[in-house]
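Each remark here refers to the structure printed beneath this line.
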Amino acid sequence: MIFVSKENLSHNYRQIDKFSGNSKVISVIKGDGYGHGLLECCKILKTNKCKDFYVARLDDAIKLRENFKNINIYLLSGVISNNDLKEIKKHKIIPIINNVDQLSLLKTSQKLKYVLHIDTGMNRLGFQASELEKYSNLIDKKNIIFLMSHLSSADDLKKNESSKQLNKLIDLNKNFNLPLSIANSSGIFLGKQYHLNYVRPGKSLYGINPFYKKRFNLRQVMSIYSPILQIQNVRKGNSIGYSQTYKLKKDLKVATIDFGYSDGFLRSGSNKASVYIDKFQCRILGRVSMDLITIDVSKVPNNKLYLGKPVEIIGSNQRYERIAYETGTNEHEILISLGRNLRKVYI
37 MIFVSKENLS HNYRQIDKFS GNSKVISVIK GDGYGHGLLE CCKILKTNKC KDFYVARLDD
97 AIKLRENFKN INIYLLSGVI SNNDLKEIKK HKIIPIINNV DQLSLLKTSQ KLKYVLHIDT
157 GMNRLGFQAS ELEKYSNLID KKNIIFLMSH LSSADDLKKN ESSKQLNKLI DLNKNFNLPL
217 SIANSSGIFL GKQYHLNYVR PGKSLYGINP FYKKRFNLRQ VMSIYSPILQ IQNVRKGNSI
277 GYSQTYKLKK DLKVATIDFG YSDGFLRSGS NKASVYIDKF QCRILGRVSM DLITIDVSKV
337 PNNKLYLGKP VEIIGSNQRY ERIAYETGTN EHEILISLGR NLRKVYI
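Structural data, given as structure tokens:
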């Protein structure tokens, strides 16, 4: 079960809003609110006076509009077809226009407001600088709310790529004189020069610290617990789990918990990652199964071991960063994977 802290999400938003100064905060709630629940996250953030939100998929944008009338919804994927355009207009969604093909679809909608995405170094989505002049006849400045770009290496303090991208966007804006946005979560904490007119926090809203060595006052929003199903003593020389990937070098007390890769726990955590029983760290033994994980509980006191005892997957002892490191991925994937199928309780 997932517990989502409404107070911690609110706290993180307030911290980011305060840190961003006069820049408007557009909250990124794509990926089902990074696994925390799209509609509930929007509701919580809206109570904190946030009125602007980013999503990646049109279905999510429509779902938001059906539930919230007085918010601005920005669609990162933009316009893909004329049918999309009809839905965007019907539900008053603001598309991010990423290329000339999308821009061409707007020719029948001269009053539709949009955001123009400029590629300053990510080489993924957005107009190249040369295209801005080439297709200037299609670009209607009066319909552009702001120009945006995306930082490719904002979480790497050793690189100067972010400053290059910032300067490039500012330089290109000389031909537009429009509001600007470039800062994602990491960009926000790089410095005030990146804030510009709009900032776009995603992972930081949910308590992911952009820089490991610099602690900002962000709180984890998600915590996950799963019950013990069985406890047993296993003798030296025996193996645990599929394919016998863990062979006991000594006698161990083990517990099997009601959790696995169908719940979003990555199999790459097999024989590497840990979970917690109260303050006691318990290493995973053997392969992570579809809905079962076996752990070493030899150092856990007997009075803390019983059928149904909650085991902490993520919580006060287990930060996102640790489990991401142990499973060889980043915190974003951890949150979205774990948040996909489990029932959520908002506290």
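When the letters of the sequence shown are read in order and numbered with our numbering, they come out as residues 37 to 383.
Note that beta-carbon positions come from the ideal geometry of N, C-alpha and C, so glycine has one too.
Note that the structure is a prediction, hence the values are computed from the model and not measured.
Suppose you measure from the CA of Asn-253 to the CA of Ser-259; what does that come to, to the nearest Å? 18 Å
Take the Cβ of Thr-292 as the centre, count every other Cβ of all protein chains shown within 10 Å, and call the residue buried at 16 or more, exposed below. buried
With distances taken from CA atoms, which of Phe-295, Leu-174, Gln-256 and Leu-241 is nearest Arg-358? Gln-256
Using DSSP with H/G/I as helix, E/B as strand and the rest coil, what is His-153? strand
Which residue marks the beginning of the beta strand (DSSP E) containing Thr-31, and which one marks its end? Residue numbering for the chain in the displayed model covers 37 to 383; residue 31 lies beyond these limits and cannot be assessed.
Phe-225 Cβ short of 7 Å to the ligand GTP heavy atom set: Looking for the ligand GTP in the displayed structure turns up nothing, as the structure carries no ligands at all.
Straight-line CA distance for Ile-405 to Lys-42? In the structure displayed, the chain extends from 37 to 383; residue 405 sits before or after that span and is not available.
Quick check on the DSSP output: the beta strand (DSSP E) that includes Tyr-110 runs from which residue to which? Unbroken beta strand (DSSP E) run through Tyr-110: 108–111.
In angstroms with no decimal places, state the Cα-to-Cα distance between Val-151 and His-368. 25 Å
Would you list the one or two residues that DSSP bridges to Ala-219? DSSP, once it has assigned bridges, lists Val-235 as partnering Ala-219.
Is Ile-98 helix, strand or coil by DSSP? helix
Supposed contact pair Asn-103 and Leu-81 - C-beta distance, whole angstroms, cut 8 Å: About 13 Å separates the two Cβ atoms, so there is no contact after all.
Check whether Asn-108 and Lys-87 have beta carbons under 8 Å apart: yes
For Asn-118, the three-state DSSP class (helix, strand or coil): helix
Please name the residue, chosen from Asp-53, Val-64 and Tyr-49, that lies closest to Gly-238 on a Cα-to-Cα basis. Val-64
Please name the residue in Asn-84, Thr-83, Ile-132 and Asn-118 whose C-alpha comes closest to that of Ala-97. Ile-132
Can you tell me whether Arg-303 is buried or exposed? The criterion is at least 16 other CB atoms within 10 Å of its CB, across all chains shown. exposed
Less than 8 Å between the CB atoms is what I'm expecting for Ser-334 and Lys-289, so what's the real figure, rounded? 5 Å
If I'm right that Ser-189 touches Ser-198 with Cβ under 8 Å, what's the distance once you round it to whole angstroms? 6 Å
Can you pull the DSSP bridge partners for Cys-318? When beta bridges are read from the DSSP output, Cys-318 appears opposite Val-311.
Going by DSSP, what residue range makes up the alpha helix (DSSP H) through Lys-82? 74–83 is the extent of the alpha helix (DSSP H) around Lys-82.
Can you give the Cα-Cα distance for Thr-365 and Ser-306, rounded to whole angstroms? 14 Å
Cβ contact (3+ pairs, closer than 8 Å) linking the region 337–344 and the region 218–228: At 8 Å Cβ cutoff, the stretches do not touch.
Simplified DSSP state of Ile-38, which is helix, strand or coil: strand
For Asp-53 and Gly-351, the rounded distance between their alpha carbons: The straight-line gap from Cα to Cα measures roughly 25 Å.
Sort Thr-156, Asn-119 and Gly-322 by Cα distance to Tyr-206 and report the nearest one. With the sequence shown as reference, residue 206 is identified as Ile, and Tyr is not the correct amino acid for it. It is Thr-156 whose Cα lies nearest to the Cα of Ile-206.
Beta-carbon within less than 7 Å of Phe-316's beta-carbon, same chain only, minus the 5 sequence neighbours each way: which residues are those? Taking C-beta separations shorter than 7 Å and ignoring five residues to either side along the sequence, the partners of Phe-316 in its chain run Lys-335 and Val-336, following chain order.
In whole angstroms, give me the CA-to-CA distance for His-72 and Asn-173. 42 Å
Taking its Cβ as the centre, do 16 or more other Cβ atoms sit within 10 Å of Tyr-278, making it buried, or is it exposed? The residue is exposed, with fewer than 16 neighbouring Cβ atoms inside 10 Å.
For a quick check, are the C-beta atoms of Asp-327 and Gly-296 less than 8 Å apart? yes
Going by other Cβ atoms of all chains shown within 10 Å of its Cβ, with 16 needed for buried, is Thr-330 buried or exposed? Here Thr-330 is buried: its Cβ has 16 or more other Cβ atoms, across all protein chains shown, within 10 Å.
When the Cα of Leu-321 is compared with those of Pro-346, Val-270, Glu-348 and Asn-353, which residue comes out closest? Val-270
Given Lys-126 as reference, the closest of Leu-94, Asn-213 and Leu-112 once Cα atoms are compared: Lys-126 has its Cα closest to that of Leu-94, out of Leu-94, Asn-213 and Leu-112.
Can you tell me the Cα-Cα spacing of Leu-112 and Lys-60, whole angstroms? 17 Å
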